[in-house]
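What follows is a single structure, written as structure tokens, with notes after it.
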Amino acid sequence: MGERFSSYFFAGEWEWRPGIPEELGRLDTICFVRQWQSQDFDQVLAQKTTHAWTGRISGESAGYVCVQFIPPELEILRLGVIPEFRNQGLARKILKELESWARTVGGETIFLEVHETNHPARRLYAGRGFQEVKIRKGHYTNPPGNALLLRKTLG
2 MGERFSSYFF
12 AGEWEWRPGI
22 PEELGRLDTI
32 CFVRQWQSQD
42 FDQVLAQKTT
52 HAWTGRISGE
62 SAGYVCVQFI
72 PPELEILRLG
82 VIPEFRNQGL
92 ARKILKELES
102 WARTVGGETI
112 FLEVHETNHP
122 ARRLYAGRGF
132 QEVKIRKGHY
142 TNPPGNALLL
152 RKTLG
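Take any residue in the sequence shown, count from 1 to its spot, add 1: that is its number in the working numbering.
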């Protein structure tokens, strides 16, 4: 029997597995306005430094993360949770899984960029111990805005 995932709204069997480009592209299309397609994931996952995983609940794809790992640093390239699983702690679960993996492979620091107006994501990352280290003015075009560069040092 695998690990359980439960929230106020949902409970089910949790599965964490390597992501495949077709599934990642489908999830990204659901999660974001500016989507990556499966061929985009094909290209980044062809690099030995890039890794991706999907989280499934009771067999249903619910979220994913794609990272670049150049020891000892990781950069989160994409992290998404499909709408019906949002606000239930799944993104925190994905980050915990990623942090656990990072520690086992010698990761010391995780970086990511987030749109300054993405307040739910900013709360998530702050709650997991990420700190703002830089503002990239005018980085985003759709919607326009600044990117916040966040960092978490793994203990």
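The beta carbon of each residue, even a glycine, is placed where N, CA and C say it ideally should be. All figures in this text were calculated on a predicted structure; none of them were measured in a lab.
TODO: For Ala148, write down the residues that DSSP places opposite it in a beta bridge.
DONE: His116 and Arg137
TODO: Can you give me the start and stop residues for the alpha helix (DSSP H) that Ser39 sits inside?
DONE: Ser39 to Leu46
TODO: Output the boundary residues of the beta strand (DSSP E) element that contains Arg79.
DONE: Glu74 to Val82
- [ ] Go ahead and pull the three-state DSSP assignment for Met2.
- [x] With a pLDDT of only 42 at Met2, under 50, the local geometry of the prediction cannot be trusted, and no value is derived from it.
TODO: Could you have a look at Lys97 and say whether DSSP puts it in helix, strand or coil?
DONE: helix
TODO: Measure the alpha-carbon distance for His116 versus Gly139 and round it to whole angstroms.
DONE: 10 Å
TODO: Leaving out five residues on either side along the sequence, give the residues of the same chain with a beta carbon under 6 Å from the beta carbon of Gly130.
DONE: Lys153
TODO: Would you identify the three-state DSSP class for Phe70, choosing helix, strand or coil?
DONE: strand
- [ ] For Ala47, count neighbouring Cβ atoms within 10 angstroms of its own Cβ and tell me buried if that reaches 16, exposed if not.
- [x] exposed
Task: Within 7 Å, strictly: CB atoms of Thr50 and Phe70 - done: yes
Task: Neighbourhood of Thr98 by C-beta, 6 Å cutoff - its chain only, sequence neighbours within 5 removed - done: Contrary to the premise, residue 98 reads as Glu rather than Thr in this sequence. Trp17.
Task: Cβ pair Ala53, Phe86 closer than 7 Å - done: No, these two residues do not count as a Cβ contact at 7 Å.
Task: Where Arg1 sits in the DSSP three-state scheme - done: Limits of the chain in this structure are 2 at one end and 156 at the other, which puts residue 1 out of reach.
Open item on the list: Closer than 8 Å is the cut-off here; do at least three beta carbon pairs connect the region 104–111 with the region 139–149?
Closed with: no
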